[in-house]
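Numbering (our numbering), first residue to last: 5 to 402.
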């Protein structure tokens, strides 16, 4: 999306919307994002409507279409290319199960850094249909683009990659992989859980055929709601693995009417909508999407990368082992601390640092034996200074 002229003003005021920043130095958005106060109020209002008997499904349905359109704007897609799902796990299973697999077909992943939920979804299709799963080993914790492309052959149906792996924080060159997949007629699925909302995303420019995002991380929404983008060219030739009324184009028929034995699927990705929606979560997510769109994702990306790069440089200067090595274009808004195998002198030493920071009201994550710090638009430079000061103080006492 194009950033508005007053994006910087909106970004400077964004912390006012998030009460959680007053309680912590919150560097844990890669696990779950903070929810803005207005989103909480919208969620409460939706629940109150049902509690008081005032819930109107038409109005709730309008909210669903609104968040569909707003998420489409966020990633520069068409609104009918967006399905409403529960989470990334459901989304990847929807895509995998909606492809027509034959024995001997293959799919490609990088199991060293892919999320386990994507890996297990492929293991399932392997066990059900005899599909070969080709796992390309990571190189220096990164997805080796050339080797992924080299693994594609005439039986490859699907390539899966995260835009930013949860366990490394290193950006994937999805554009190059996507271009190779497009040239070969292979569907390219991107797990966008760790990037969309914090980093700018243009699915067409990045050659992405399918993209899944949960609302509970960088979209700053509740758990239990997510988005699945599927490029129209792909979606229109896919038969959903699961079918329900919301998948069918019933034209002017009432939702309680049956469309008959012969049916017409909805256009593009809307055919993957299955049952009743999480209307309360949708009400909250709409507020968060409005904030993201008001700030502009290009502005947000510049902000979070400036924070993560400065933080990484400070840690590197202190001698802490960064998984990314030195900063550069490969580093996202997520910074991992810990050497090979998760070592930093010892796992015990790293855990002591983790506990020290947590006890000092710094929220961060431990993933695969490494400290994970993640930045979003509500973080500021003062939080970097305070966290670095805490780490320096801890190091002097060791």
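Glycine included, C-beta positions come from ideal geometry on N, C-alpha and C. All figures in this text were calculated on a predicted structure; none of them were measured in a lab.
Is it buried or exposed, residue 290, if we count other Cβ atoms within 10 angstroms and call 16 or more buried?
One-based indexing of the chain shown puts residue 290 at position 286. That one is buried.
Is any heavy atom of the ligand NAD found at a distance shorter than 7 Å from the C-beta of residue 172?
Inclusion of the ligand NAD in the displayed structure is not the case, the ligand content being empty and no account of it being possible.
Exposure label - residue 346; buried when at least 16 CB within 10 Å
Residue 346 sits at position 342 when you count from the first residue of the chain shown. Residue placement at residue 346 is poorly supported in this model, since its pLDDT is 47, which falls under 50; the coordinates are not used for a value here.
Between the Cα of residue 267 and the Cα atoms of 197, 184 and 250, which residue gives the shortest distance?
As a working mapping, residue 267 is identified with position 263 in the chain shown. Among 197, 184 and 250, the Cα nearest to that of residue 267 is on 250.
Beta carbon of residue 338, beta carbon of residue 319: below 8 Å?
Taking the chain shown and counting its residues from 1, the one referred to as residue 338 is at position 334. Taking the chain shown and counting its residues from 1, the one referred to as residue 319 is at position 315. Cβ atoms of residue 338 and residue 319: not closer than 8 Å.
Would you mind reading off the limits of the beta strand (DSSP E) that contains residue 343?
Working through the chain shown from its first residue, we reach residue 343 at position 339. In the DSSP assignment, residue 343 falls outside any beta strand (DSSP E) and carries neither an H nor an E.
With a threshold of 7 Å on Cβ separation, who are the neighbours of residue 171 within its own chain once the five nearest residues in sequence on each side are excluded?
As a first step, residue 171 must be located in the chain shown, where it is residue number 167. So the list reads 117, 371 and 372, once near-sequence residues are dropped.
Does residue 15 come out as helix, strand or coil in the three-state DSSP assignment?
What you label residue 15 is simply residue 11 of the chain shown in a count that begins at 1. The three-state reading of DSSP puts residue 15 in helix, counting H, G and I together.
What number of angstroms, rounded off, separates the C-alpha of residue 94 from the C-alpha of residue 125?
As a position in the chain shown, residue 94 is number 90, starting the count at 1. As a position in the chain shown, residue 125 is number 121, starting the count at 1. A straight line joining the alpha-carbon of residue 94 with that of residue 125 spans about 9 Å.
Can you tell which of 271, 207, 223 and 195 has the C-alpha that lies nearest to the C-alpha of residue 236?
By one-based count along the chain shown, residue 236 stands at place 232. Minimum Cα distance to residue 236 is reached at 271.
Alpha carbon to alpha carbon, how far is residue 240 from residue 273?
Locating residue 240 in the chain shown gives position 236, where the first residue counts as 1. Locating residue 273 in the chain shown gives position 269, where the first residue counts as 1. Whole-angstrom Cα-Cα distance: 8 Å.
Could you compute how far the alpha carbon of residue 160 sits from the alpha carbon of residue 113?
The residue you call residue 160 lines up with position 156 of the chain shown. The residue you call residue 113 lines up with position 109 of the chain shown. A direct Cα-Cα distance of roughly 11 Å separates residue 160 from residue 113.
With distances taken between CB atoms, is the gap from residue 205 to residue 301 smaller than 8 Å?
Numbered from its first residue, the chain shown carries residue 205 at position 201. Numbered from its first residue, the chain shown carries residue 301 at position 297. Yes, they are a contact pair.
Residue burial classification, residue 246 (beta-carbon count within 10 angstroms, cutoff 16)
Residue numbering aside, residue 246 sits at position 242 when the chain shown is read from its first letter. Exposed: under 16 other Cβ atoms inside 10 Å.
Answer with yes or no whether the minimum CB distance from residue 214 to chain B is below 8 Å.
Judged by its chain identifiers, the structure shown contains no chain B, having just a single protein chain.
Would you mind giving the Cβ-Cβ distance between residue 222 and residue 37, rounded to the nearest angstrom? I have them listed as a contact below 8 Å.
By 1-based counting over the chain shown, the position of residue 222 is 218. By 1-based counting over the chain shown, the position of residue 37 is 33. About 6 Å separates the beta carbon of residue 222 from that of residue 37, a gap short enough to meet the 8 Å contact definition.
Output yes or no for whether 8 Å exceeds the beta carbon distance between residue 387 and residue 18.
Taking the chain shown and counting its residues from 1, one reaches residue 387 at position 383. Taking the chain shown and counting its residues from 1, one reaches residue 18 at position 14. Going by C-beta atoms, residue 387 is not nearer than 8 Å to residue 18.
In the DSSP assignment, find the unbroken alpha helix (DSSP H) run with residue 110 in it and report its ends.
Residue mapping note: residue 110 aligns to position 106 of the chain shown, counting from 1. Looking at the DSSP string, residue 110 is not in any alpha helix (DSSP H); the run it does join, the beta strand (DSSP E), is 110-113.
Mind checking whether residue 288 and residue 44 have CB atoms under 8 Å apart?
Mapped onto the chain shown, residue 288 falls at position 284. Mapped onto the chain shown, residue 44 falls at position 40. Yes, Cβ-Cβ distance for residue 288 and residue 44 is below 8 Å.
Host beta strand (DSSP E) of residue 377 (start-end)
Here residue 377 is taken as the residue at index 373 of the chain shown, counted from 1. 374-378 is the extent of the beta strand (DSSP E) around residue 377.
Determine, using beta carbons only, whether residue 149 and residue 181 come nearer to each other than 8 Å.
Here residue 149 refers to the residue found at position 145 of the chain shown. Here residue 181 refers to the residue found at position 177 of the chain shown. Contact check for residue 149 against residue 181 passes: the beta carbons are separated by less than 8 Å.
Using alpha carbons as the reference points, say which of 190, 32, 383 and 121 lies closest to residue 173.
In the chain shown, residue 173 corresponds to position 169, counting from 1. Taking only the C-alpha atoms, the option nearest residue 173 is 32.
Any contact between the segment 325-334 and the segment 70-85? By contact I mean 3 or more CB pairs, one from each, below 8 Å.
Fewer than three Cβ pairs drawn from the segment 325-334 and the segment 70-85 lie within less than 8 Å of each other, which leaves the two stretches out of contact.
First and last residue of the alpha helix (DSSP H) that includes residue 362?
Looking up residue 362 in the chain shown gives position 358. Residue range 351-363 is occupied by the alpha helix (DSSP H) that includes residue 362.
Where residue 198 falls, given that 16 or more other Cβ within 10 Å makes a residue buried
The residue labelled residue 198 in the question sits at position 194 within the chain shown. A residue is called buried once 16 or more other Cβ atoms fall within 10 Å of its Cβ, and residue 198 is buried on that count.
Residue 385 versus residue 316 - alpha carbon distance:
Counting from one through the chain shown, the residue named residue 385 turns up at place 381. Counting from one through the chain shown, the residue named residue 316 turns up at place 312. Taken atom to atom, the span from the alpha-carbon of residue 385 to that of residue 316 is near 13 Å.
Rounded to whole angstroms, what's the CA-CA distance from residue 293 to residue 244? Just pull it up for me.
As a working mapping, residue 293 is identified with position 289 in the chain shown. As a working mapping, residue 244 is identified with position 240 in the chain shown. Between residue 293 and residue 244, the C-alpha separation is close to 27 Å.
Short of 7 Å in beta carbon distance, which residues of its chain neighbour residue 369, apart from the five on each side in sequence? Order them along the chain.
Taking the chain shown and counting its residues from 1, one reaches residue 369 at position 365. When the five nearest sequence neighbours on each side are left out, the beta carbons in the same chain lying within less than 7 Å of the beta carbon of residue 369 are those of 32, 34, 35 and 376, in order along the chain.
Tell me the DSSP bridge mates of residue 230?
Locating residue 230 in the chain shown gives position 226, counting from the first residue. Secondary-structure assignment with DSSP links residue 230 through a beta bridge to 89 and 218.
For the candidate residues 360, 189 and 165, whose alpha-carbon lies nearest to that of residue 401?
As a first step, residue 401 must be located in the chain shown, where it is residue number 397. Ranking 360, 189 and 165 by CA distance to the CA of residue 401 puts 360 first.
Would you tell me roughly how many angstroms separate the C-alpha atoms of residue 269 and residue 242, rounded to the nearest one?
The count along the chain shown starts at 1 and reaches residue 269 at position 265. The count along the chain shown starts at 1 and reaches residue 242 at position 238. Straight across, the Cα-Cα distance linking residue 269 with residue 242 is about 10 Å.
Pick out whichever of 366, 382, 227 and 380 has its Cα sitting closest to the Cα of residue 393.
Start at 1 with the first residue of the chain shown, and residue 393 comes out as number 389. For residue 393, the nearest C-alpha among the options comes from 366.
Report the partner residues of residue 156 according to the DSSP bridge assignment.
Here residue 156 corresponds to residue number 152 of the chain shown, with the count starting at 1. According to DSSP, residue 156 bridges with nothing at all.
Just list the alpha helix (DSSP H) runs in the segment 55-84, keeping only unbroken ones of 4 residues or longer that don't cross its boundaries, in chain order.
Runs of the alpha helix (DSSP H) lying entirely within the segment 55-84 and spanning at least 4 residues, in chain order: 61-79.
Whole angstroms are fine: how far does the CA of residue 210 sit from the CA of residue 158?
In the chain shown, the residue the question calls residue 158 occupies position 154. In the chain shown, the residue the question calls residue 210 occupies position 206. Taking C-alpha positions only, residue 158 is separated from residue 210 by approximately 23 Å.
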